[in-house]
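Numbering-wise, numbering that gives the first Met the number 0 puts 183 at position 184 of the sequence shown, and it's gapless, one number per residue. See structure below.
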Amino acid sequence: MKRLLIGLTALATFSSLVHGAELPSTPWIRTDKSAMRLQAQGMQNNSYIVGVEIQLTGNAITYWGDPGEAGVPPIFAFGGSDNVGKTEVLYPFPQRMDEGGALAFGYRDHVTFPVRVTPSDPAKPVQLKLQLDYAVCDQICMPAHGDGALTLSPQEKMGEWSAPADVPKLLPDGAASAYVVTPTHGSPKPVWTFTLKDKSWLADPHADLFVEAPDGWYFDTTKKPEGDGFTLTLAEKPKDAAWPTTITATFGTPQRSWEARLRLDEPAKAP
Numbered sequence: 000m001k002r003l004l005i006g007l008t009a010l011a012t013f014s015s016l017v018h019g020a021e022l023p024s025t026p027w028i029r030t031d032k033s034a035m036r037l038q039a040q041g042m043q044n045n046s047y048i049v050g051v052e053i054q055l056t057g058n059a060i061t062y063w064g065d066p067g068e069a070g071v072p073p074i075f076a077f078g079g080s081d082n083v084g085k086t087e088v089l090y091p092f093p094q095r096m097d098e099g100g101a102l103a104f105g106y107r108d109h110v111t112f113p114v115r116v117t118p119s120d121p122a123k124p125v126q127l128k129l130q131l132d133y134a135v136c137d138q139i140c141m142p143a144h145g146d147g148a149l150t151l152s153p154q155e156k157m158g159e160w161s162a163p164a165d166v167p168k169l170l171p172d173g174a175a176s177a178y179v180v181t182p183t184h185g186s187p188k189p190v191w192t193f194t195l196k197d198k199s200w201l202a203d204p205h206a207d208l209f210v211e212a213p214d215g216w217y218f219d220t221t222k223k224p225e226g227d228g229f230t231l232t233l234a235e236k237p238k239d240a241a242w243p244t245t246i247t248a249t250f251g252t253p254q255r256s257w258e259a260r261l262r263l264d265e266p267a268k269a270p
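Below you can see the structure in the form of structure tokens.
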């Protein structure tokens, strides 16, 4: 009986080591108000998912891919990597922030940017090297830099990665079942309404719409008073830029969000 108990204990210990084994990660690289590291998070469709984690202290913030009127977006560089065919950085849903009267989009406290890493040869290990430049702002903005390197091996037993709730789901082009975009004709500035079919999440105070546009194009977004969507207003565009234009809309809440490409035609001008 004693021998059986010892055997069961050893089996349980081995099982916990296998299932609770930590995935590869780098040490934290710390600055005055932030720290960053890389950590393998799993596999998805034959690609590795690596999280670029940033921790922020106090009231410090860092920025989304499109930082708004103020701020600097993070820059991810993978020079020196080996057996990397493609990388794709995924941006969690940001929040809208006031920075001394300027509008900024970004994150407080903590953010993890998942990076999809597709190997050139899936049978060989990936040597991933990251050089990250990002801004950390708390009254004043300071540049931050971190380097990290991970070896990702096909022999490493990684589970299937599921996107966390704060990573927007990509909708197919023309996903008319989810939203309707309608130009408002006759307005002094080009305006469109972005109406959602599913309005259940719009009551959330953090519900928002963010727009990424081509270079030189800028849009303001506000929630409609009717509570069924948002208004997009063109704030600026290049003088000779032609219509239509295509934007990327990220909309939802920190717990449930989507991303979609939208074609915007020019509304009829006021007479």
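Glycine residues also receive a C-beta, built at the ideal position from the N, C-alpha and C atoms.
When DSSP reads this structure, THR192 sits in a beta bridge with THR181, THR230. Contact between GLN254 and TRP160 does not hold, since the beta-carbon distance rounds to 18 Å and is not under 8 Å. ASP207 sits buried, since 16 or more C-beta atoms from the chains shown fall within 10 Å of its C-beta. Counting the other Cβ atoms within 10 Å of the Cβ of ALA212 gives 16 or more, which makes it buried.
At the C-beta level, ALA122 and PRO153 come within 8 Å of one another. In this structure, GLY145 lies near ILE28, with their beta-carbon atoms less than 8 Å apart.
Look at ALA164 here: in three-state DSSP terms it is coil, with no helix or strand label. Here DSSP, grouped into helix, strand and coil, assigns LYS222 to strand. In this structure, THR249 keeps its C-beta atom at 8 Å or more from the C-beta atom of PRO171. A Cβ-Cβ contact shorter than 8 Å links SER33 with ALA59. Shown here for TYR90: same chain residues with a beta carbon closer than 7 Å to its own, the five before and five after excluded, namely TRP63, GLY64, PHE112 in chain order. Per DSSP, reduced to three states, the secondary structure at GLY215 is coil, with no helix or strand assignment.
Here the alpha carbon of PRO243 sits roughly 41 Å from the alpha carbon of ARG36. For SER46, the secondary structure class from DSSP, reduced to helix, strand or coil, is strand. Residue state for GLY64 is assigned as strand, using DSSP reduced to three classes. With fewer than 16 other Cβ atoms from the protein chains shown falling within 10 Å of its own Cβ, VAL179 counts as exposed. Per DSSP, ASP132 is one residue of the beta strand (DSSP E) stretching across 125-137.
In this structure, TRP216 and LYS236 form a Cβ contact; the two beta carbons are roughly 5 Å apart against a cut-off of 8 Å. The criterion of a C-beta distance shorter than 8 Å is satisfied by THR220 and VAL210. Taking C-alpha positions only, VAL51 is separated from ASP81 by approximately 18 Å.
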